[in-house]
Amino acid sequence: MFHGTAPGLVHPAGIPEQHKAINLRLSKGYRSVLKNAAFVYASLLINQVSRAVYVVVLARILGPDLYGMLSYGQAWYLAFLPLALLGMGPLLAHAVGRDREEGARIANLVASIRIVTILVTAIVSGVMGISVSDSPAVSTLMIVFAIALVGRAASLWADEMYQAYEVNRFSFNQAKVFRTTEVLLGMVLALLTRDVVWVAVGHALVWVAQGAWGLFQVIRHLQPLAPRWHWLEVRLLLITGIPLGLSNVFGGLMIQGGIILYKGAGAENELVGNLAINVQALMILGSLFVALSRAALPAVSRSVARGDANHRIYVSVMIRSAFVFGALAAVWALAIGADIVKLVLGPHYQTAGQWLWLMLWGLVPYIIKQAVTNALVAHGSYGLTMWINLVGALSMAAAVLVLIEPYGFAGVVVGMLVGFTVDAAFGLLVMVRMKILDHVADIPKLAAVLALMVSIYLAVASYQPLAAAILATVVLVFGVILSGIVRGNEKEAIWRLIRRRA
Numbered sequence: 017m018f019h020g021t022a023p024g025l026v027h028p029a030g031i032p033e034q035h036k037a038i039n040l041r042l043s044k045g046y047r048s049v050l051k052n053a054a055f056v057y058a059s060l061l062i063n064q065v066s067r068a069v070y071v072v073v074l075a076r077i078l079g080p081d082l083y084g085m086l087s088y089g090q091a092w093y094l095a096f097l098p099l100a101l102l103g104m105g106p107l108l109a110h111a112v113g114r115d116r117e118e119g120a121r122i123a124n125l126v127a128s129i130r131i132v133t134i135l136v137t138a139i140v141s142g143v144m145g146i147s148v149s150d151s152p153a154v155s156t157l158m159i160v161f162a163i164a165l166v167g168r169a170a171s172l173w174a175d176e177m178y179q180a181y182e183v184n185r186f187s188f189n190q191a192k193v194f195r196t197t198e199v200l201l202g203m204v205l206a207l208l209t210r211d212v213v214w215v216a217v218g219h220a221l222v223w224v225a226q227g228a229w230g231l232f233q234v235i236r237h238l239q240p241l242a243p244r245w246h247w248l249e250v251r252l253l254l255i256t257g258i259p260l261g262l263s264n265v266f267g268g269l270m271i272q273g274g275i276i277l278y279k280g281a282g283a284e285n286e287l288v289g290n291l292a293i294n295v296q297a298l299m300i301l302g303s304l305f306v307a308l309s310r311a312a313l314p315a316v317s318r319s320v321a322r323g324d325a326n327h328r329i330y331v332s333v334m335i336r337s338a339f340v341f342g343a344l345a346a347v348w349a350l351a352i353g354a355d356i357v358k359l360v361l362g363p364h365y366q367t368a369g370q371w372l373w374l375m376l377w378g379l380v381p382y383i384i385k386q387a388v389t390n391a392l393v394a395h396g397s398y399g400l401t402m403w404i405n406l407v408g409a410l411s412m413a414a415a416v417l418v419l420i421e422p423y424g425f426a427g428v429v430v431g432m433l434v435g436f437t438v439d440a441a442f443g444l445l446v447m448v449r450m451k452i453l454d455h456v457a458d459i460p461k462l463a464a465v466l467a468l469m470v471s472i473y474l475a476v477a478s479y480q481p482l483a484a485a486i487l488a489t490v491v492l493v494f495g496v497i498l499s500g501i502v503r504g505n506e507k508e509a510i511w512r513l514i515r516r517r518a
């Protein structure tokens, strides 16, 4: 017995009923994807804007010495944070997206793993932090940040559940409330106490509150979390997830490791604070591409599953964008970066301003690394991402340890660039071997355009730095277009945009 319109019946508009229903469903699904992607972008934007405000406010109020101490403690616990998550997020999203009932079961297995890993990681982070601390204040910070790790890991766990169930509006709503609260509370505590420990306490309290609220929202709106320990199933999850988890650990070390090694080598807190400013600038500017990678992963994964070329196009565009964006950021930082840092943060951050341009060259390999990781995860090559990031992390550590004594601050920055570059180069080599990477010939063309751009900038900069930066930008843009690095359809779009602006 049929309910509603028979399969062959045609509406007055001429569209068969079943086709109309399919179109409506597809349209609804498409709107859902766009809506969730918009929430992902919005929440990441809030996080990055609040991070920028937080950094500027605390750096000015606390000064480089106390801010350096705070940054060291944050770098320490953030380096441990991926261990608490252990790479289970993509597995969770895959399971829930394929089958909600099976996904709920996997989510409960993940819950049992997460409870153990979060608590163990927090304890290890705190104990090891205390053992290497050089003052009672730093030891106290390590304890406070171990508590922050618990809250932050719980919050990220909730975010992964939101993404798996495609309800990213919860992440957006939480980011609005808790990131604003963190900035305001940090500012108030810094002004009232001038005590870095109290600022850290405020940071930890906000993350614990966000983690607790996030898991409450998961239980209330998505599914009850009932941890279950079935060893064979847990073992399979760990075997699959640990490589990705370790990949995230090594990737995090490339970012936070420079600060930790610099402090461990006996650098003054003031210099550590200056280095932290440079690292934060790199992360904030690179966050746009992190957001693009995060939002593009489902589409890239579908492209891999279909066997079409879209995932290769994505990687090619990201790599070209990395060279252009990174070069522009570095040249403009060389021209006006020191003045901007001095204006925003004050004269105590002169070292950060002096070397900002060098750190921002790291955007080129950093963005390439995001594209490579995305493509390999979409192919299910978790083990390869782990080995690539391990080689990058080891290269960073070795370079920093070799360069830190003769070159100090600049040596640490160069060492971090070595880690990023080795990571990106190794990843590109793997992509070529897997035949994922298109337009390989563009890379030497881009290098030549960048060399011309930098040469012209240096030739003019001694007379007029600002004019040199403008001229270098024009050379880069037109060099990329005229050299054929930008494809025909992309050129047409650019010219149309130029004519429209004219």
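Numbering (my numbering), first residue to last: 17 to 518. Using N, Cα and C, we set each Cβ at its ideal position, and we do this for glycine too.
Tell me whether the beta-carbon of residue i lies closer than 8 Å to the beta-carbon of residue j.
i, j, result
"residue 89", "residue 161", "yes"
"residue 342", "residue 357", "no"
"residue 70", "residue 193", "no"
"residue 261", "residue 119", "no"
"residue 386", "residue 334", "yes"
"residue 265", "residue 496", "no"
"residue 276", "residue 91", "yes"
"residue 319", "residue 326", "yes"
"residue 220", "residue 293", "no"
"residue 101", "residue 303", "no"
"residue 229", "residue 168", "no"
"residue 93", "residue 165", "yes"
"residue 85", "residue 135", "no"
"residue 78", "residue 212", "yes"
"residue 466", "residue 344", "no"
"residue 401", "residue 263", "yes"
"residue 287", "residue 494", "no"
"residue 388", "residue 444", "yes"
"residue 295", "residue 72", "no"
For residue i, is the classification buried or exposed, using 16 other Cβ atoms within 10 angstroms of its Cβ as the cut-off for buried?
i, result
"residue 125", "buried"
"residue 232", "exposed"
"residue 244", "exposed"
"residue 501", "buried"
"residue 252", "exposed"
"residue 458", "buried"
"residue 463", "exposed"
"residue 305", "buried"
"residue 236", "exposed"
"residue 218", "buried"
"residue 202", "buried"
"residue 188", "buried"
"residue 25", "Low confidence applies here, because residue 25 scores a pLDDT of 34, under 50, leaving its location unreliable; read the following figure in that light. It is exposed - the Cβ of residue 25 has fewer than 16 other Cβ atoms within 10 Å."
"residue 431", "buried"
"residue 159", "buried"
"residue 242", "exposed"
Determine the direct distance from the alpha carbon of residue j to that of residue i, and round the result to whole angstroms.
i, j, result
"residue 214", "residue 488", "46 Å"
"residue 321", "residue 364", "52 Å"
"residue 376", "residue 382", "10 Å"
"residue 173", "residue 67", "20 Å"
"residue 185", "residue 435", "36 Å"
"residue 419", "residue 116", "52 Å"
"residue 353", "residue 297", "11 Å"
"residue 289", "residue 128", "38 Å"
"residue 143", "residue 309", "35 Å"
"residue 391", "residue 316", "7 Å"
"residue 216", "residue 267", "24 Å"
"residue 437", "residue 239", "42 Å"
"residue 282", "residue 468", "39 Å"
"residue 96", "residue 256", "20 Å"
"residue 408", "residue 248", "33 Å"
"residue 395", "residue 105", "16 Å"
"residue 149", "residue 99", "21 Å"
"residue 442", "residue 411", "11 Å"
"residue 428", "residue 170", "32 Å"
"residue 190", "residue 475", "49 Å"
"residue 285", "residue 499", "46 Å"
"residue 270", "residue 440", "12 Å"
"residue 82", "residue 209", "12 Å"
"residue 367", "residue 180", "43 Å"
"residue 146", "residue 227", "24 Å"
Is there at least one Cβ from chain C nearer than 8 Å to residue i's Cβ?
i, result
"residue 62", "Reference to chain C is not applicable here, since this structure consists of a single protein chain."
* Contiguous alpha helix (DSSP H) assignments of at least 4 residues, all confined to the segment 412–467 -> The segment 412–467 contains no whole alpha helix (DSSP H) run of 4 or more residues.
* **Residue ranges of each beta strand (DSSP E) within the segment 296–332, 3 or longer** => none
* In chain order, which alpha helix (DSSP H) runs of at least 4 residues are fully inside the segment 247–280? -> 247–280
* Asked: Which whole runs of the alpha helix (DSSP H) in the segment 169–205 are 4 residues long or more, in chain order?
  -> none
* Asked: Where in the segment 327–382 do unbroken runs of the beta strand (DSSP E), each at least 3 residues long, occur, reported from the N-terminal end onward?
  -> none
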